[in-house]
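Read through the structure below, which is laid out as structure tokens, and then see the notes.
2 protein chains.
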Amino acid sequence: MTKQFTHDDISAMPQRFRANFINSLSGFKSATLLGTTDGTTPNLAVISSVVHIGANPPLLGVIMRPHTVTRDSLSNIKQRGVYTLNHIHVEWVDKAHQTSARYAPDESEFEAVGLTPQFSETFEAPYVKESNIKMGLSVAQHFTLLNNTEMIIGEIQELFISEPLLSEDGYVDIEAAGSACISGLDSYHKTTRLAQFAYAKANTPLTKK
Amino acid sequence: MTKQFTHDDISAMPQRFRANFINSLSGFKSATLLGTTDGTTPNLAVISSVVHIGANPPLLGVIMRPHTVTRDSLSNIKQRGVYTLNHIHVEWVDKAHQTSARYAPDESEFEAVGLTPQFSETFEAPYVKESNIKMGLSVAQHFTLLNNTEMIIGEIQELFISEPLLSEDGYVDIEAAGSACISGLDSYHKTTRLAQFAYAKANTPLTKK
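In order, the protein sequences belong to chains D and C.
Residue numbers for the first sequence follow numbering that gives the first Met the number 0, beginning at 0 and rising by one.
Residue numbers for the second sequence follow numbering that gives the first Met the number 0, beginning at 0 and rising by one.
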């Protein structure tokens with residue numbers, strides 16, 4: 000039974016209901032921990048808005064809301080210009096989600112939820128030691144969108160992955176890495192590969208890799 | 000065995016290898032078919048760059064490359080101002096991926112891959128009949144990013160979902176809908192829910208919904 004929702008139907012929804020509803024519609028999202036620092040306290044925040052912008056130079060985007068629980072992260076990124084993105088593993092999605100609680104600015108989410116900050120020799124922002132895929136980025140572009148959310152585009156400066164995850168053609172097997180995904184605001188999922196396809200050509204049957 | 004990649008390592012990668020590599024790093028992505036029209040031919044393109052921008056007003060973003068196989072879609076969106084986003088079902092990821100082949104502008108990917116265009120009474124762009132979650136959007140903001148990719152932000156004007164998918168709190172169960180997700184450029188996955196968590200509070204154990 001298919002139900003239609005109009006623009007007016009959406010406008011009339013109670014705020015929390017609408018937030019759950021619209022946040023479900025964009026489909027499955029990456030489950031990522033954003034690591035930042037104010038120079039003293041390492042900060043960690045779960046985000047689901049990472050988006051691929053380009054490979055050369057290597058750019059990733061993040062959408063952030065300035066007046067929500069991630070405001071410390073956003074302030075740290077603006078101050079220091081660097082941050083880390085760390086894939087959330089299916090075995091500790093609970094710890095990752097707990098970072099969405101409101102901790103005081105001088106309280107580290109790492110310690111509060113039981114994850115370990117890790118630092119590289121050249122990068123100020125903290126990585127998540129337990130993560131199998133982690134990247135250090137510097138801000139490349141930053142602007143405010145029409146609804147006053149902010150988009151930060153970062154360039155990857157360095158990254159760490161477990162070596163067996165890397166295929167000959169460059170693909171990184173994030174399922175074998177145990178990376179989780181998110182739907183809505185609070186649902187976490189693991190994945191099972193259906194197929195990996197070869198380059199598609201018109202009028203030619205699609206083949207699997 | 001963890002391996003570090005520096006910015007220089009990434010710059011030195013062969014182009015196709017780097018494209019596969021960087022496209023894997025953003026984590027799992029939504030698997031979506033973008034429906035457009037030039038007024039005559041219904042066009043369909045697989046995309047994995049849908050990102051949540053906001054719930055009120057209901058906004059979704061899409062990142063597009065102007066000189067790739069999705070150039071017809073981008074041109075249609077700019078001309079007509081409207082488009083649809085349709086969740087890809089796990090049972091027809093092959094048909095969805097086949098839309099990434101280069102078809103002539105006057106050839107409909109719907110017909111070529113075996114999916115059915117569906118029109119609502121009030122919306123010009125074609126929906127995918129076989130999709131369990133489909134949305135019609137109008138362009139709300141459009142700009143060019145630092146690497147010359149384009150970001151289109153659209154406002155949801157209407158949407159269609161199978162009614163049993165909607166929870167009391169507004170969450171739409173996209174896993175029950177059979178929505179797929181993507182990693183890299185060509186790997187499709189189904190999901191299994193690990194947990195759905197209640198609102199997290201500091202110094203309070205996290206509970207499941």
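Here a beta-carbon is modelled for each residue, glycine too, at the ideal position from N, C-alpha and C.
Quantities reported herein were computed from a predicted structural model and do not represent experimental measurements.
Subject >> Residues of its chain near residue 189 of chain D, where Cβ-Cβ distance is below 7 Å and the 5 sequence neighbours each way are ignored >> reply: Start at 1 with the first residue of the first sequence, and residue 189 of chain D comes out as number 190. Cβ within range, chain order: 89, 179.
**OP:** For residue 19 of chain C, go through chain D and note every residue whose CB falls closer than 7 Å to its CB, in chain order.
**Re:** Here residue 19 of chain C is taken as the residue at index 20 of the second sequence, counted from 1. Result: 168, 169, 170.
**OP:** Using a Cβ-Cβ cut-off of 7 Å, state whether residue 102 of chain D counts as contacting chain C.
**Re:** Within the first sequence, numbered from 1, the residue matching residue 102 of chain D stands at position 103. Yes, because at least one Cβ of chain C sits closer than 7 Å to the Cβ of residue 102 of chain D.
**OP:** Pick helix, strand or coil for residue 76 of chain D, following the three-state DSSP scheme.
**Re:** As a first step, residue 76 of chain D is located in the first sequence; it is residue number 77 there, counting from the start. Helix, per DSSP.
Subject >> Cβ neighbour criterion (16 or more within 10 Å) applied to residue 38 of chain D >> reply: What you label residue 38 of chain D is simply residue 39 of the first sequence in a count that begins at 1. Its Cβ having fewer than 16 others within 10 Å, residue 38 of chain D is exposed.
Original post:
Does any residue of chain D bring its CB to less than 7 Å from the CB of residue 93 of chain C?
Top reply: Position 94 of the second sequence, counted from the first residue, corresponds to residue 93 of chain C. Interface residue, yes.
Subject >> Inter-residue spacing [alpha-carbon to alpha-carbon] between residue 186 of chain D and residue 194 of chain C >> reply: The residue you call residue 186 of chain D lines up with position 187 of the first sequence. The residue you call residue 194 of chain C lines up with position 195 of the second sequence. About 6 Å.
Original post:
Quick one: Cα of residue 100 of chain C to Cα of residue 206 of chain D, how far?
Top reply: The count along the second sequence starts at 1 and reaches residue 100 of chain C at position 101. The count along the first sequence starts at 1 and reaches residue 206 of chain D at position 207. Straight through space, the alpha carbons of residue 206 of chain D and residue 100 of chain C are spaced by roughly 12 Å.
Original post:
For residue 172 of chain D, is the classification buried or exposed, using 16 other Cβ atoms within 10 angstroms of its Cβ as the cut-off for buried?
Top reply: In the first sequence, residue 172 of chain D corresponds to position 173, counting from 1. Per the 10 Å Cβ criterion, buried.
Original post:
Are residue 133 of chain D and residue 112 of chain D closer than 7 Å when you measure CB to CB?
Top reply: Position 134 of the first sequence, counting from 1, holds the residue named residue 133 of chain D. Position 113 of the first sequence, counting from 1, holds the residue named residue 112 of chain D. Cβ atoms of residue 133 of chain D and residue 112 of chain D: not closer than 7 Å.
**OP:** List the endpoints of the continuous beta strand (DSSP E) containing residue 149 of chain C.
**Re:** For this step, residue 149 of chain C is matched to residue 150 along the second sequence. Element bounds for residue 149 of chain C: 149-161.
Original post:
Per DSSP, what kind of secondary structure is residue 173 of chain D in: helix, strand or coil?
Top reply: Counting from one through the first sequence, the residue named residue 173 of chain D turns up at place 174. The three-state reading of DSSP puts residue 173 of chain D in coil, since its state is none of H, G, I, E or B.
Original post:
Taking just the CA atoms, how far does residue 47 of chain C sit from residue 4 of chain C?
Top reply: For the purposes of this step, residue 4 of chain C is identified with residue 5 of the second sequence, where counting begins at 1. For the purposes of this step, residue 47 of chain C is identified with residue 48 of the second sequence, where counting begins at 1. The straight-line gap from Cα to Cα measures roughly 25 Å.
**OP:** Have a look at residue 223 of chain D and residue 202 of chain D and give me their C-alpha separation to the nearest angstrom.
**Re:** Given that chain D is displayed from residue 0 to residue 208, the structure contains no residue 223 of chain D and the question cannot be resolved.
**OP:** Check the Cβ of residue 53 of chain C against every Cβ in chain D and list those closer than 7 Å, keeping chain order.
**Re:** By one-based count along the second sequence, residue 53 of chain C stands at place 54. Neighbours of residue 53 of chain C on chain D, chain order: 146, 148.
Subject >> Closer than 7 Å to chain D by CB, residue 70 of chain C >> reply: On the second sequence, position 71 is the one that residue 70 of chain C refers to. No, its Cβ sits nowhere closer than 7 Å to a Cβ of chain D.
Original post:
Rounded to a whole number of angstroms, what is the C-alpha to C-alpha distance between residue 121 of chain D and residue 81 of chain D?
Top reply: Counting from 1 along the first sequence, the entry for residue 121 of chain D is found at position 122. Counting from 1 along the first sequence, the entry for residue 81 of chain D is found at position 82. Going from the Cα of residue 121 of chain D to the Cα of residue 81 of chain D covers about 11 Å.
Original post:
Using a beta-carbon distance cut-off of less than 8 Å, what residues from the segment 25-38 of chain D approach chain C?
Top reply: Cβ contacts with chain C come from 25, 26, 27, 28, 29, 30, 31.
**OP:** Decide if residue 175 of chain D is buried, meaning its Cβ has at least 16 other Cβ atoms within 10 Å, or exposed.
**Re:** Locating residue 175 of chain D in the first sequence gives position 176, counting from the first residue. Under a 10 Å Cβ-count criterion, residue 175 of chain D is classified as exposed, with fewer than 16 other Cβ atoms of the shown protein chains found around its own Cβ.
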